[in-house]
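**Q** If you read the sequences in order, they're chains A and B. According to the working numbering, the first sequence is numbered sequentially starting from 213. According to the working numbering, the second sequence is numbered sequentially starting from 816. By construction, the Cβ of each residue, glycine as well, lies at the ideal position given by its N, Cα and C atoms. Computed from a predicted structure; not experimentally measured.
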Amino acid sequence: MEQAPAVHTKSKTPMREFVRKGKPPTEDYREKLFELEAKGELEVHRVPDPIMEVGTKYGRTKKIPLEHTWHHKSCGQCGHIPGYSTSIFWLHRQFGLDYYDPKDQSSCTGWNYYASSTSNAAAQAAVAARNFAQAKLDGYYPLIHCGTSFGHYKETREEIIHHPELRDQVRRIMDRLKMPFVFPEEIVHYSEWVHAMRHRIAERQVLNFSDITVTVHPACHYHKLVVEDAIYDRELYDGQRTAIVTGLVEALGAKAADYSTWHDCCGFGFRHILVSRDFSRSFATIRKIERMKEEADPDVTITHDTGCVTTLDKSQFAVQAHGRNVGIPVMADSQFAALSMGAHPYNVCQLHWHGVDSKPLLEKMGIDHAKAWREFEAIAERIESGELDFMTWEDADA
Amino acid sequence: MSIYKDAKYMDVPYEEKLKLFQEVKDDMRYGQNLYGCYECGICVAACPSARFYDFSPRVFAQIMAREDVDTFYELLNDNVWDCSQCYSCTCCPRQNSPGGIVLMMRDAAVRAGLQSAKDALRAYSRIIYKIMSTGTQVTPDMLQPDFFPDWGTDVKEVAENLDVWRRAIPPETLHTTELAWDVSEKTRLELYMIWKLTGNLELIENLDEGIFMILEEVMEEMLDEHGYDIDDFENILEE
């Protein structure tokens, strides 16, 4: 068998290792939030214990809550690739970590911001504040599933910190809703929780991933939109790229293979993926999937945001008619982590909602996908016949 | 008067263009999005839209910095909706955010009800309706083969099995077909209050009167059920 490409996370030029000195170039948003709290302008929701501390782009430390989390779900994950969020919950349950899956949660409504501009700063900030207030009232700390919600809430934080008139508008709206004006100390993406938990996940790993080659697509709205919150680690890419996802891949013993267009976006484009999909498909296949195939030939691409999974996965079907070099399964880090710990590929990871055939990958992982599909179908038939209302967590793990 | 011989929209009064230009410059985000431009083109190299459209993030930064109002108006109508909003352009060594400039321009285009904005968002009304009425947008029932014929045969399979497959997902909040997850009535009600208090519906009215009327009706009904009068929620931004 041909050797997979070398892992490209070790320094090739140690003499040129960059070590940041001096102050970070940006202000510390936490200090600003605490100043506003001291003035009585808003309430800061502290990250609850137990926490894990991680490094970020400019060297500041970020607190990641390990449990007591309020799961701010993602529209695209829940709607079209439900194994993504199901795997996040499944991981929490496996570790016995306290979490809350609320119904009193709305989307960040970022689609009306980045896609169509059919919102305004006050509405967007109020939606964020309403979700954050509800989390505080429910007694849990927000953990954001969607990369865009994560990025958008960081942008909202900047606006709230710097614009007193916006704070005033949000406060008046929250008063009308009879809710407190709360903002979290840290805005935390679920993939940061996965990153913080990666060694504990590896301890519980039941499948050998040493033959699995992975390409990583870091999500734009995670590491490009308000860059300073993103996790960086000098042990991964010499601290020159975000460590997110790659940290998990390496912890699980898989090979993280590099490719030249790692920084490119997936082609999602918001309105494009729905109404100008020729662009999304062209970019996803020509700039991402084909580059990965030619330069790394991975077994799977792992990413950590909704639109990235959808675009990279679904774009691969139609281009086969043109003989393009595609055929890489795409999934989220949460699904990859769950599979490593023995999660059911269909009951939990719900891979039947994905487009690219993942059976060769599952076989390489040592998973009997035919048996697993029969198990899923058996439960689906019981639901269809009315014998079961729905699949329970116990059914999923049986 | 534009410096370009082939400039478009020269029939549009300069004052009209200047008004929109000034709206963008007055946007509270402007100061964080534009600091100048080295004209290095790094943003163009990083931009996905630049590879497939006649689109350049650098031009947006330059035009705003040079205060070229005529070309601004041309971009506002012909290019602004091509941006992918990925923010790859934030790799700018001058710390500009051309994607952020685009966003402020789109906001101005929608507020003004420009025909080009209506055209760009015509097929998008369903998403706007979903977001504003339910609190979630990318919903399972959108997975229809006639809408996503290029996503493969599995879309048809998902559509045919949608109800059963949704209930074959362990988290209880995901047993939905018309919403991405089960959003409580309380939350939807609070969202409706936010749309009213922030004048958000007026933006929709500018863009698509049909969607606006349907949204008003849905919201009014639910607010009424809970003892609220829709007219009690004034636009606080106008005070």
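Looking at A/SER552 and A/LEU448, is the spacing between their C-beta atoms short of 8 Å?
**A** For A/LEU448 and A/SER552, no; Cβs fall outside 8 Å.
**Q** Can you tell me whether DSSP reads A/GLN215 as helix, strand or coil?
**A** In this prediction, A/GLN215 has a pLDDT of 48, which is less than 50 and means its spatial position is unreliable; nothing more can be read from the coordinates.
**Q** Run through DSSP, which three-state label would A/ALA610 get?
**A** Looking at A/ALA610 - three-state DSSP - the assignment turns out to be coil, as it is neither helix nor strand.
**Q** When burial is assigned at 16 or more other CB atoms within 10 Å of the CB, is B/GLY1042 buried or exposed?
**A** B/GLY1042 should be labelled exposed.
**Q** B/GLN952: which of B/ASP842, B/ALA927, B/ASP997, B/ASN976 sits nearest, CA to CA?
**A** Out of B/ASP842, B/ALA927, B/ASP997, B/ASN976, B/ASP997 has the C-alpha closest to the C-alpha of B/GLN952.
**Q** Enumerated in chain order, which unbroken segments of the alpha helix (DSSP H) with a length of 4 residues or greater are wholly contained in the segment 871 to 911 of chain B?
**A** Taking only runs of at least 4 residues, the alpha helix (DSSP H) segments lying wholly in the segment 871 to 911 of chain B are 872 to 881, 884 to 893.
**Q** Output yes if chain A places a C-beta closer than 8 Å to the C-beta of B/GLY1042; else output no.
**A** No, B/GLY1042 does not count as interfacial toward chain A.
**Q** Give me the chain B residues within the contact set of A/ASP470, using Cβ-Cβ distance strictly less than 8 Å, ordered along the chain.
**A** Neighbours of A/ASP470 on chain B: none; closest Cβ ~18 Å, over 8 Å.
**Q** Output needed for B/GLU1035: all residues of its chain with C-beta closer than 8 Å, excluding positions within five of it in sequence on either side, in chain order.
**A** Hits under 8 Å: ILE1045.
**Q** Quick one, which residues of the segment 906 to 921 of chain B are near chain C if we go by CB-CB under 8 Å, in chain order?
**A** In the structure shown, chain C does not exist; the protein chains are A and B.
**Q** For B/VAL1033 and chain A, any beta-carbon pair shorter than 8 Å?
**A** Answer no: the Cβ-Cβ gap between B/VAL1033 and chain A never drops below 8 Å.
**Q** Less than 8 Å between the C-beta atoms of A/VAL400 and A/ALA345, yes or no?
**A** Taking 8 Å as the Cβ cut-off, A/VAL400 and A/ALA345 do not qualify as a contacting pair.
**Q** Tell me which residues of the segment 336 to 355 of chain A have at least one Cβ-Cβ distance to chain B shorter than 8 Å, keeping chain order.
**A** Taking 8 Å as the Cβ-Cβ cut-off against chain B, the residues of the segment 336 to 355 of chain A that qualify are ALA338, VAL339, ARG342, GLN346.
**Q** Under a three-way DSSP split, which group does A/MET391 fall into?
**A** Note: A/MET391 maps to coil in three-state DSSP.
**Q** Looking at the C-beta of B/CYS858, does it have a partner C-beta in chain A at a distance below 8 Å?
**A** No, no contact with chain A.
**Q** Closer than 7 Å, Cβ to any Cβ of chain B: which residues of the segment 310 to 325 of chain A, in chain order?
**A** Those residues of the segment 310 to 325 of chain A that come within reach of chain B (Cβ to Cβ, closer than 7 Å) are ASP313, LYS315, ASP316, GLN317, SER318, SER319, THR321, TRP323, ASN324.
**Q** What three-state label does DSSP hand B/TYR819 in the structure shown?
**A** If DSSP states are grouped into helix, strand and coil, B/TYR819 belongs with coil.
**Q** Is B/ASP965 close to chain A, meaning its C-beta is less than 8 Å from at least one C-beta of that chain?
**A** By this cut-off, B/ASP965 is an interface position.
**Q** Going by Cα to Cα distance, which pick from B/ASP961, B/LEU1006, B/ASN1021 is closest to B/VAL1033?
**A** The residue with the shortest Cα to Cα distance from B/VAL1033 is B/LEU1006.
**Q** Is there a Cβ of chain A sitting closer than 8 Å to that of B/ALA983, yes or no?
**A** It does: the Cβ of B/ALA983 has a partner Cβ on chain A nearer than 8 Å.
**Q** Here's the rule: buried if 16 or more other CB atoms are within 10 angstroms of the residue's CB, otherwise exposed. What is A/PHE307?
**A** It counts as exposed.
**Q** Between the C-alpha atoms of A/THR238 and A/GLU370, what's the straight-line distance to the nearest angstrom?
**A** Near 11 Å, if we compare the C-alpha coordinates of A/GLU370 and A/THR238.
**Q** Within 10 angstroms of the Cβ of B/CYS855, are there 16 or more other Cβ atoms? Answer buried if so, exposed if not.
**A** Label assigned to B/CYS855: exposed.
**Q** Beta carbons nearer than 8 Å to chain B: which residues of the segment 423 to 444 of chain A have them?
**A** Flagged, chain order: CYS432, HIS433, LYS436, LEU437, VAL439.
**Q** Just to confirm, are A/CYS477 and B/CYS901 a CB contact at a threshold of 8 Å?
**A** Result yes, Cβ atoms of A/CYS477 and B/CYS901 sit closer than 8 Å.
**Q** So the beta strand (DSSP E) A/LYS275 belongs to, where does it begin and stop?
**A** Residues 273 to 277.
**Q** Please report the distance separating the alpha-carbon of A/VAL457 from that of A/GLY359.
**A** If you take the alpha carbons of A/VAL457 and A/GLY359, they lie about 13 Å apart.
**Q** How big is the Cα-Cα spacing for A/THR497 and A/ARG489?
**A** Going by the C-alpha atoms only, they are around 12 Å apart.
**Q** Confirm, please, whether the CB-CB distance from B/ASP922 to A/SER329 is below 8 Å.
**A** Yes; because the gap between Cβ atoms is below 8 Å, this pair is in contact.
**Q** Which residue's Cα is closest to the Cα of B/ASN911: B/TRP896, B/TRP980, B/MET957, B/CYS858?
**A** It is B/CYS858 whose Cα lies nearest to the Cα of B/ASN911.
**Q** Which bits of chain B does A/ARG493 rub up against, with CB to CB less than 9 Å?
**A** Result: ASP965.
**Q** Within the same chain, show all residues whose beta-carbon is closer than 8 Å to that of A/TRP565, passing over the 5 residues directly before and after it, in chain order.
**A** Excluding positions up to five away in sequence, the list reads HIS292, ILE293, PRO294, GLY295.
**Q** With a cut-off of 8 Å, do at least 3 Cβ pairs link the segment 538 to 547 of chain A to the segment 509 to 517 of chain A?
**A** They touch, by the three-pair rule.
**Q** For the segment 1011 to 1028 of chain B, which residues have a beta carbon sitting closer than 8 Å to at least one beta carbon of chain A?
**A** Per Cβ criterion, the list reads LEU1012, THR1013, GLY1014, ASN1015, LEU1018, ILE1019, LEU1022.
**Q** Does the separation of the CB atoms of B/ASN894 and B/PHE870 fall below 8 Å?
**A** Yes.
**Q** Measure how close the beta-carbons of A/PHE482 and A/ALA327 come, nearest whole angstrom, since I'm counting them as under 8 Å.
**A** Going by Cβ atoms, the distance from A/PHE482 to A/ALA327 rounds to 3 Å, so yes, they are a contact pair.
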